[in-house]
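With UniProt numbering as the guide, the letters of the sequence shown map in order to residues 1 to 298. Have a look at the structure below before the remarks.
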Amino acid sequence: MVSTVQQEDAWVDAERDYKLGLRAGKLVCQNPKGKSLASVPKWLKETETAESLLALADWLAEHELECLHTVERWMLRSLSIPRAVVTEIWADSAWRDCIENMVVVPVAAGGAFDLENAGLLKDVDAKRGLGVIDLDGETQWIKTDSFGVPHPILIGDLEELRELAGDLGIRQAIDQLYRPIHQPTQEQLDLTSINDFSGGHFEQLNFATSHCRRLGYPVRGGYATCRIWESNALIEARYFIGDEYPESPTWTGGLVFVDESQQPQKINSIGPVTFSEGVRMASEIYAKRKVDATEEDQ
Numbered sequence: 001m002v003s004t005v006q007q008e009d010a011w012v013d014a015e016r017d018y019k020l021g022l023r024a025g026k027l028v029c030q031n032p033k034g035k036s037l038a039s040v041p042k043w044l045k046e047t048e049t050a051e052s053l054l055a056l057a058d059w060l061a062e063h064e065l066e067c068l069h070t071v072e073r074w075m076l077r078s079l080s081i082p083r084a085v086v087t088e089i090w091a092d093s094a095w096r097d098c099i100e101n102m103v104v105v106p107v108a109a110g111g112a113f114d115l116e117n118a119g120l121l122k123d124v125d126a127k128r129g130l131g132v133i134d135l136d137g138e139t140q141w142i143k144t145d146s147f148g149v150p151h152p153i154l155i156g157d158l159e160e161l162r163e164l165a166g167d168l169g170i171r172q173a174i175d176q177l178y179r180p181i182h183q184p185t186q187e188q189l190d191l192t193s194i195n196d197f198s199g200g201h202f203e204q205l206n207f208a209t210s211h212c213r214r215l216g217y218p219v220r221g222g223y224a225t226c227r228i229w230e231s232n233a234l235i236e237a238r239y240f241i242g243d244e245y246p247e248s249p250t251w252t253g254g255l256v257f258v259d260e261s262q263q264p265q266k267i268n269s270i271g272p273v274t275f276s277e278g279v280r281m282a283s284e285i286y287a288k289r290k291v292d293a294t295e296e297d298q
């Protein structure tokens, strides 16, 4: 299904026998002869009809972002989602574009994920359940009352599912199958700080904070942050990027994980999703550092 924002064949009658529509969130028009114009005349943009359509486009864009963030939150928090929820939202193309093709699993009555029966979501039926393509390429139906969208680090058959998705030409709206995953080394388990991404140089702190904003990581007190709820515990990953003047040069520091009491946690005490997402944050920011000639030659 195509998102409502991307429809090209729905037109609304406008002034002077022109027609207006939305294409990929942009205002488009046809003249009275039915010819699509390269641009919308200024006078037509200022009409009430045009303003209403632009307001609708803004609402649809916000709705799509809300859907994306919600499904990603399901994955990051390993939430158990009632099957009835996806049955209701499936008809909405914005929701469907986000959840379709995601790896989903049945959830038992106690809340445990049945990772052995993971599959790629392709269909939803109120009576039959969630239609998924399993590792054998066969359609199966998840009939449990709840389902989950597992983080990739929890999926044992991740490589096989990646191969299946590649064979089927499947695209995911949310980075799940090909999301970078990270696991601690034996040496890191007793540490409270990861220093693999320290020493990253930015010519200005402004540059580092702007990269964090683009990547979606809030900055507080000199740290880029990422909050993960896992196993009934909220842990915040914090990666130091500097706390001097915005125009000052800066160098990154360590990655730490703190609990709700602001106490640093040993790596062996936090969950796999929390660790993976914290390292993902640090590595993405570190990758934007200024690389000098010495580093390039290594």
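Glycine residues also receive a C-beta, built at the ideal position from the N, C-alpha and C atoms.
Please name the residue, chosen from the options, that lies closest to residue i on a Cα-to-Cα basis.
| i | options | result |
| --- | --- | --- |
| T209 | L191, E247 and K266 | E247 |
| D123 | R171, Q186, A112 and Q140 | Q140 |
| G222 | V256, E230, L189 and T192 | V256 |
| D259 | T225, I235, K266 and H63 | I235 |
| E46 | H63, L27 and G166 | L27 |
| Y239 | G110, G119, Y217 and Q186 | Y217 |
| L115 | F207, G271, L158 and C67 | L158 |
| V85 | G25, A126 and R280 | A126 |
| I228 | W74, A24, E62 and F207 | W74 |
| residue 350 | Y178, G200 and G111 | Absent from the model: residue 350. The displayed extent of the chain is 1 to 298, so no value can be given. |
| G166 | K143, I133 and E187 | I133 |
| K33 | E48, R16, Y245 and L22 | R16 |
| V291 | I270, G200 and S269 | G200 |
| P152 | P41, Q265, P264 and H182 | H182 |
| I170 | G137, Q265 and E187 | G137 |
| A207 | T250, A173, L177 and S198 | At residue 207 the sequence reads Phe, which differs from the Ala that was named. The candidate whose alpha carbon is nearest that of F207 is T250. |
| E51 | S261, E66, R96 and G25 | G25 |
| A173 | R96, E187 and S198 | R96 |
| S198 | Q265, S36, G254 and K42 | G254 |
| V142 | V40, E187 and R83 | Note on identity: in this sequence residue 142 is Ile, with Val being the wrong assignment. Looking at the Cα atoms, R83 is the closest of the given residues. |
| E72 | S269, L177, Q265 and S261 | L177 |
For residue i, does the count of other Cβ atoms within 10 angstroms reach 16, so buried, or fall short, so exposed?
| i | result |
| --- | --- |
| N232 | exposed |
| D175 | exposed |
| Y286 | buried |
| L205 | buried |
| E100 | buried |
| M1 | Its pLDDT being 28, under 50, M1 is placed unreliably in this model, and the coordinates cannot settle the point. |
| V219 | buried |
| R128 | exposed |
| Q6 | At Q6, the pLDDT of 43 sits below 50, so the modelled position is not reliable; the number obtained from the coordinates is stated separately. Exposed, because fewer than 16 other Cβ atoms sit within 10 Å of the Cβ of Q6. |
| R213 | exposed |
| L168 | exposed |
| A14 | buried |
| A109 | exposed |
| A282 | buried |
Compare the beta carbon distance of residue i and residue j with 8 Å and say whether it is the shorter of the two.
| i | j | result |
| --- | --- | --- |
| V104 | F147 | yes |
| P150 | F113 | yes |
| L53 | Y18 | no |
| E277 | L215 | no |
| L68 | C98 | yes |
| E64 | A38 | no |
| W59 | Q30 | no |
| I267 | L161 | no |
| A118 | I81 | no |
| T49 | L22 | no |
| P106 | T70 | no |
| E244 | G271 | no |
If residue i sits next to residue j, beta carbons under 8 Å apart, how far is it from one beta carbon to the other, in whole angstroms?
| i | j | result |
| --- | --- | --- |
| I241 | T252 | 6 Å |
| L121 | L130 | 6 Å |
| T274 | A237 | 7 Å |
| P180 | R289 | Not a contact, Cβ separation roughly 17 Å. |
Check the Cβ-Cβ distances between residue i and every residue of chain D, and say whether any is below 8 Å.
| i | result |
| --- | --- |
| A109 | In the structure shown, chain D cannot be found, because there is only a single protein chain. |
So does the segment 88 to 104 actually touch the segment 191 to 201, counting three or more Cβ pairs closer than 8 Å?
-> Flag = no, the segment 88 to 104 and the segment 191 to 201 do not touch.
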